[in-house]
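Comments concern the structure below.
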Amino acid sequence: MRTAILGAGKMGLWFAKFCKEKGDTVILAGRNAEKMAKLKNELQIETTTDFQNAIQNADNILICTSISSFEDIVKNIAPLTHKGQVVMDICSIKEHPVNIMHQYIKDATVLGTHPVFGPGSNGVTHKAYVLTPTNKQEETVAEQYKQWLEKEGANVFIMTPKKHDELMSIILGLPHFIGLIACETLLEQKDFAESKKLAGTTYRMLFTLAEATAQETPDLYANVQTKLADLGKMEELFIQNAQTMLDLMKNKDTNGIMARMEHLRTKLAKADNNYSKSYETMYKMLQSTEE
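In the numbering used here, the protein residues as written are 1160 to 1450.
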């Protein structure tokens, strides 16, 4: 199996090493000639600065570039893709890149994927991996890829690009939003550095989120915030809920605050119970299938 990896950033390098370890012949493409020459010696794989050349004899093409440069890369390689090839992306959002691949790539099979882990991961064991096929041909490829990933220990989920992005609004978008605002707010406090010395569990969780979010890749976070269709509504709801709580505090309404917390506890218990029941039902179905 010959795999072309387009993009020599952190995740591109991760996949180059991973695919080589699994027995693929790997060619890695990046823009920086000096960097690619160095990686050729370090990783003992083929490297190139010509993305079109990289894909010509590849069975699988994995696009690991930033979302901002994604469309240019797809347009560049599309004329040379052909039947029998599979073109995948690893973007953290799915509707936007999948639509781009469908727009330009006509003969090869495309498949949206999202490895829900970072470049520090040691393999895919116990890691979430999302596949987003949109037609029968893509579903066939997704099922084959799912079986291979599960043999490697990954937890694989198949869903539509739209469903993926709805979930990522909750999983990525809202935490990014909260983390960035929390970071900006905390940094405006003159005692921020000293406050960390006295941090308990709750505050430590808050400033860890704040610092981690602010230090992440700006391109990724900006695109998550601007390309997830339903994220704005959720963030507006967050602001509304924050304003309601702020009003209770300004009015020193202790009874109102306690009532709101009790209401949240009740809703949370119900949500957890529904989740547990859904999980039990799914587990029983899987058991009956296996039997």
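We put the CB at the ideal spot given by N, CA and C, even for glycine. Just so you know, these numbers come straight off a predicted model, no measurement behind them.
Residue i (DSSP reduced to helix, strand or coil)
i	result
V1246	strand
L1396	helix
H1285	coil
E1254	helix
N1219	strand
T1319	coil
R1424	helix
R1363	helix
G1415	helix
N1314	strand
Between the CA atoms of residue j and residue i - distance to the nearest angstrom
i	j	result
S1328	K1392	10 Å
V1383	L1331	8 Å
A1418	D1324	34 Å
T1207	P1238	19 Å
I1204	K1305	26 Å
S1354	C1178	45 Å
K1411	G1189	58 Å
T1110	I1416	This structure leaves residue 1110 out entirely; the chain is present only between 1160 and 1450.
D1378	L1405	32 Å
I1259	I1222	12 Å
E1309	A1352	44 Å
A1175	F1210	15 Å
L1407	E1395	19 Å
S1280	T1413	45 Å
Y1362	L1423	20 Å
T1403	M1420	12 Å
L1290	I1317	5 Å
F1229	Q1215	19 Å
E1347	K1199	46 Å
Expected contact under 8 Å - CB spacing of residue i and residue j to nearest Å
i	j	result
T1468	V1300	Since the displayed the chain opens at 1160 and closes at 1450, residue 1468 lies outside it and no answer follows.
F1397	L1333	7 Å
A1217	I1249	16 Å between Cβ atoms; not a contact.
P1274	T1293	With 8 Å as the limit, P1274 and T1293 do not qualify as a contact, their Cβ atoms being about 19 Å apart.
Contact set for residue i: own chain, Cβ-Cβ below 7 Å, skip 5 residues either direction
i	result
T1224	L1165, G1166, I1232
A1369	G1338, A1341, C1342, L1345
K1169	P1278
Whether residue i touches residue j by CB criterion (8 Å)
i	j	result
K1386	H1255	yes
M1195	N1219	no
V1257	Y1288	no
I1226	I1264	no
Close Cβ partners of residue i (< 8 Å) along its chain, the five nearest in sequence each way excluded
i	result
Y1380	H1335, L1339, T1372
K1242	D1266, A1267
D1389	D1324, E1325, S1328
Sequence-distant residues of its chain with Cβ nearer than 6 Å to residue i (five each side left out)
i	result
E1311	V1283
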